[in-house]
Amino acid sequence: MKTLALKLNLVLLTFCFSFTAIAQDFQGKAYYMSKTTMDLDQWGGEQMSPDQKKRMQERMKSFLEKEYVLTFNKTESIYKEDERLETPGTGRGWGGFGSSFTGGPKYKNVKEKELLQDQEFFGKQFLIKDELKALEWKMGTETKQIGQYTCFKATATKVVDQFDWRSMRRRQPPPPKKKDSAKSDDSAKADSDDPMSEIEVPKTVEVVAWYTPQIPVNQGPDDYWGLPGLILEVNADRTTILCTKIIMNPEEKEEIKKPYKGDEVTQSEYTEIITQKMQEMRDMYGGRRGGRGRN
């Protein structure tokens with residue numbers, strides 16, 4: 009208990025000294041690497057040779073591994089992809105698909121509880137404007153070092169958006185059962201004609217975050233915020249976001265601008281738009297399959 013109390017006191021002292029040392033108009037930049045793993049065997053990869061798997065993984069690399077920059081001050085932040093030139097032949101197609109399910113710059117104002125995000129969906133620009141929702145963090149005492157910063161562990165349960173591609177997985181086939189009627193045959197055929205019927209997304213995932221009180225802002229990458237220090241690492245389902253570099257008070261400060269382009273919608277309205285569009289695509293796909301089957 010004495011060790012724990014001493015550790016907490018040291019954290020509080022660090023927090024206080026750091027806070028008073030930082031100027032009123034301070035700004036920081038944190039660089040993150042985001043990596044999502046994908047089991048190719050779930051998507052037919054068990055039929056590929058090792059060389060084919062390797063080539064496929066290389067093609068998907070720019071889709072599954074991205075670099076981001078979080079520019080922040082005491083109350084605001086903007087999180088956007090640090091775009092690089094792609095190697096010819098990598099990421100094509102995957103990047104186009106991903107742009108419809110991964111967002112553009114994300115602005116968070118933790119004082120006003122405001123969230124703004126650019127989002128393009130199949131060629132149309134949207135501006136998602138919503139309330140910044142907090143996770144119910146459970147604070148831990150476990151620590152680890154990330155670079156020069158001492159980080160503390162926090163955990164939470166996060167509700168997953170049904171179109172979050174990072175958590176999409178192939179639905180496990182149900183156990184075989186007796187065919188009671190022709191109706192069940194029709195139902196099975198309808199499911200097989202719908203490519204989305206093979207995909208599922210978990211309703212919730214467990215999140216582990218590591219934050220440092222040495223940078224006393226409650227900001228973090230992507231959707232994550234609300235801890236007494238900058239979040240330097242996040243592990244959620246199959247995605248890890250890790251801070252690789254921090255610059256405090258850069259010589260040239262960058263204005264944190266709110267995104268403003270696109271049709272303004274809430275997150276729930278945007279999800280409804282995607283749902284409707286995906287249903288249209290299902291119907292179109294099913295119609296084509298049905299037409300081919302009749303010929």
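Counting in this note's numbering, the sequence shown runs from 9 upward without gaps.
Beta carbons are placed, not taken as given, at the ideal position from N, Cα and C, and that holds for glycine.
- Contact annotation: residue 229 and residue 39 have beta-carbon atoms that are not nearer than 7 Å.
- When secondary structure is reduced to three states using DSSP, residue 129 falls in the strand class.
- Taken through DSSP and simplified to helix, strand or coil, residue 266 comes out as coil.
- When the alpha-carbon of residue 210 is set against those of 278, 254 and 246, the nearest one is in 246.
- For residue 134, same chain residues with a beta-carbon under 7 Å away, outside a window of 5 residues either side, are 127, 270, 271, 273 and 278 in chain order.
- Nearest to residue 153 by alpha-carbon distance, out of 222, 236 and 267, is 222.
- In the structure shown, the three-state DSSP call for residue 255 is strand.
- With respect to the C-alpha of residue 238, the residue from 266, 162 and 283 having the closest C-alpha is 162.
- If the five residues before and after residue 275 are omitted, its C-beta is found closer than 6 Å to the C-beta atoms of 136 and 138, all from its own chain and listed in chain order.
- Secondary structure note for residue 223: it is in no beta strand (DSSP E), with a DSSP letter that is neither H nor E.
- Residue pairing for residue 163: DSSP places it in a beta bridge opposite 146 and 216.
- Residues of the same chain with a CB within less than 8 Å of the CB of residue 167, apart from the 5 flanking positions on each side, are 211 and 212 in chain order.
- As computed with DSSP, residue 75 is found in a beta bridge with 41.
- Taking every protein chain shown into account, the CB of residue 114 has 16 or more other CB atoms within 10 angstroms, so this residue is buried.
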